[in-house]
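Visitor:
Residue numbers (our numbering): 11 to 489.
(1) Suppose you measure from the CA of residue 24 to the CA of residue 148; what does that come to, to the nearest Å?
(2) What does a CB cutoff of less than 6 Å around residue 315 pick up in its chain, not counting 5 residues either side in sequence?
(3) Put residue 137 into one of helix, strand or coil per three-state DSSP.
(4) In the structure shown, what three-state DSSP assignment does residue 63 receive?
(5) Answer yes or no: does any C-beta atom of chain B fall closer than 8 Å to that of residue 238?
(6) Enumerate in chain order the residues of its own chain whose CB-to-CB distance from residue 166 is below 7 Å, with the five nearest sequence positions on each side excluded.
(7) Which of helix, strand or coil does DSSP assign to residue 470?
(8) Among the residues of its own chain, which have a CB less than 7 Å from the CB of residue 40, if the five just before and after it don't count?
(9) Is there contact between the segment 70-79 and the segment 178-185, where contact requires at least three CB pairs shorter than 8 Å?
(10) Taking residue 268 and residue 65 to be in contact with their CB atoms under 8 Å, please state how far apart those CB atoms are, rounded to whole angstroms.
(11) So which of 367, 412, 404 has the shortest CA-CA distance to residue 437?
(12) With 16 other CB atoms within 10 Å as the buried threshold, where does residue 295 fall?
(13) Give the straight-line distance between the Cα atoms of residue 402 and residue 451, rounded to the nearest whole angstrom.
(14) Report the CB separation of residue 306 from residue 160 in whole angstroms; it is logged as a contact under 8 Å.
(15) Thinking residue 215 and residue 204 are a contact (beta carbons under 8 Å), I'd like their distance in whole angstroms, please.
(16) Is residue 391 helix, strand or coil when you go by DSSP?
(17) In chain order, what residues of the same chain lie with their CB nearer than 8 Å to the CB of residue 273, ignoring the 5 residues before and after it?
(18) Excluding sequence positions up to five away, which residues of its chain have a Cβ less than 6 Å from the Cβ of residue 77?
(19) Considering only DSSP beta bridges, list what residue 384 is partnered with.
(20) Is it buried or exposed for residue 339, if we count other Cβ within 10 angstroms and need 16 for buried?
(21) Helix, strand or coil for residue 116 per DSSP?
(22) Would residue 171 pass as a contact of residue 87 if the rule is Cβ separation under 8 Å?
(23) Residue 219 lies in the alpha helix (DSSP H); which residues open and close that run?
(24) Compare the C-alpha of residue 465 against each of 446, 360, 283 and name the closest.
(25) Leaving aside the five residues before and after residue 81 along the sequence, list all residues of the same chain whose C-beta is less than 7 Å from its C-beta, in chain order.
(26) Please report the residue range of the alpha helix (DSSP H) in which residue 267 lies.
(27) Tell me the DSSP secondary structure of residue 241 in three-state form.
(28) Tell me the rounded alpha-carbon separation between residue 34 and residue 152.
(29) Residue 284 by DSSP, collapsed to three states: which one?
(30) Out of 470, 445, 448, 424, point me to the one whose CA is closest to residue 223's CA.
(31) Just tell me which of 249, 327, 94 has its CA closest to the CA of residue 142.
(32) Within its chain, find whatever has a CB closer than 8 Å to the CB of residue 429; leave out the 5 residues flanking it on each side and keep chain order.
(33) Less than 8 Å between the beta carbons of residue 156 and residue 373, yes or no?
(34) Should residue 384 go down as buried or exposed, given a rule of 16 or more other Cβ atoms within 10 Å for buried?
(35) For residue 278, which of 248, 163, 63 has the nearest alpha-carbon?
(36) With residue 200 and residue 245 assumed to form a contact (beta carbons below 8 Å), what rounded beta-carbon distance in angstroms separates them?
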């Protein structure tokens, strides 16, 4: 019966090798409550549509498409994803046997001695040998599986990092585009104000020449004209700086600025549905990445724990050799053996590694909870800021309308000689300031809407992180 002992033992070991007793069993949950809804609820239909297309701007669509393809941060994320894919493949290599081949050849001459001790003849001798050695570690405690699973979760986390980079880049391009159009509208308004101020200066000079106005009226009008003209260079510089920023975002340089013809702010796009805070666990790629890194850390604990237990390795060797030139490898030998290794004294190396990986899990758990909490805060901030921004715009609009009526009254009183020119100038300045302020705050509202889309995440990035299997040609290039 003894001849059946080894096969039975081998079968039992192979069955046990499929076990992973230290595998994580708990699902990943943040350490913060997500039961309460947002303070402001927005109803709507869920959609993975590319939200920036709602602006209906071909220029913006082209800019974001190019950024998602050529942006430097996204290219860095792509490279890291390729590294993670290679690490995953390397981690899974230990699940398979290894096979090494060795070979050699040797040639020489052997002399035959006579009775007198002298060599009478020489024979040519050729020797060939070929060997093969295979080894396979039986994953009794799931150590190899844990190592592969940790790398797999890290790979998925890197995919989520790529998604997060895409979300950030798309929103940044849109925000810079809005700022650019806002500056252009300000420049247009300021040029119009400069033209009006110049006309008023001509008018005041005419009145002064005819003795109707005083010299101080002319000086004050010159002052307001110079003030409005002095603001133009700063706005023009800001326009060029924003174009430079767009150039870098789309993966170019400021020497190759993109062509943006549009000069007016777009209409405000629709509000996205907020859903529940728990939806962020799926829709926010940075949260997905943090959770996957936590799961990867838990698998690393499983690997460290399994590494403290015995390791069993199967070894198989075969050797072929021949010393006859006409017949290759007519002699051969083969062997199969099993080795077991149990660490006894390692100075606490393996135990300290378990403690270290458990501490990493604690760190990752805290970071995961913090990421979730900050994501909820970003959504809440965007909702509250937009609500108040809408009210702020309404009040500014009312103020502008009231100021415009006050300006009309001031003009009438001045022309009738009932007041001086300074009150009229003050109302002119108020109206001009409010006109520019309205443009600035309208742009801010659009950017807050973009921030809300960014804070809510979305599934539109899923297709960006698909990594194709390397082709045989690609694999050969890496040898």
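Glycine residues also receive a C-beta, built at the ideal position from the N, C-alpha and C atoms. Keep in mind it's a predicted model, so treat the numbers as computed, not measured.
Guide: In terms of the structure at hand:
(1) Unreliable positioning characterises residue 24 in this predicted model, as indicated by a pLDDT of 48, which lies under 50. The coordinate reading is nonetheless provided below. In a straight line, the C-alpha of residue 24 is about 7 Å away from that of residue 148.
(2) Excluding sequence neighbours, residue 315 sits near 32, 364.
(3) Reduced to three states, the DSSP call for residue 137 is strand.
(4) The answer is helix: DSSP assigns residue 63 an H, G or I state.
(5) Looking for chain B here will not work: only one protein chain is present.
(6) Around residue 166: 302.
(7) Residue 470 sits in coil when the DSSP states are folded into three classes, being neither helix nor strand.
(8) Cβ neighbours of residue 40 beyond the five flanking positions: 378, 379, 382.
(9) Because the criterion of three Cβ pairs below 8 Å is met, the segment 70-79 and the segment 178-185 touch.
(10) No, residue 268 and residue 65 are not in contact; Cβ-Cβ is about 16 Å, not under 8 Å.
(11) Taking the Cα of residue 437 as reference, the smallest distance to any Cα among 367, 412, 404 is reached at 412.
(12) Buried: at least 16 other Cβ atoms inside 10 Å.
(13) Taking the CA atoms as reference points, residue 402 sits about 8 Å from residue 451.
(14) With a Cβ gap of about 5 Å, residue 306 and residue 160 count as contacting.
(15) Contact between residue 215 and residue 204 does not hold, since their C-beta atoms are separated by about 16 Å, which reaches or exceeds 8 Å.
(16) Looking at residue 391 - three-state DSSP - the assignment turns out to be helix.
(17) Scanning its chain for C-beta atoms nearer than 8 Å, with the 5 sequence neighbours on each side dropped, one finds around residue 273 the residues 191, 194, 195, 198, in chain order.
(18) By the criterion of a C-beta distance shorter than 6 Å, residue 77 is surrounded in its chain by 179, 183, 259, 260, once the five residues flanking it on both sides are discounted.
(19) None, per the DSSP bridge assignment.
(20) Only weak support exists for where residue 339 lies, its pLDDT of 49 falling under 50; the value from the coordinates is given anyway. Under a 10 Å Cβ-count criterion, residue 339 is classified as exposed, with fewer than 16 other Cβ atoms of the shown protein chains found around its own Cβ.
(21) Note: residue 116 maps to strand in three-state DSSP.
(22) Cβ atoms of residue 171 and residue 87: closer than 8 Å.
(23) From DSSP, the alpha helix (DSSP H) with residue 219 extends over 153-219.
(24) Nearest C-alpha to residue 465: 283.
(25) Within the same chain, residue 81 has close Cβ partners 179, 259, 260, 261.
(26) Careful: residue 267 lies outside any alpha helix (DSSP H) and carries neither H nor E.
(27) Coil.
(28) Rounded to whole angstroms, the separation of the alpha carbons of residue 152 and residue 34 is 11 Å.
(29) Coil, per DSSP.
(30) Residue 424 is the option with its Cα nearest to residue 223.
(31) Minimum Cα distance to residue 142 is reached at 327.
(32) Beyond the five residues adjoining it in sequence on each side, residue 429 comes within less than 8 Å, by CB distance, of 420, 423 in the same chain, given in chain order.
(33) Their beta carbons are not under 8 Å apart, which means residue 156 does not touch residue 373 by this criterion.
(34) Exposed is the call here.
(35) Comparing Cα positions, the closest option is 63.
(36) Contact annotation, residue 200 with residue 245: C-beta distance approximately 7 Å; criterion of less than 8 Å satisfied.
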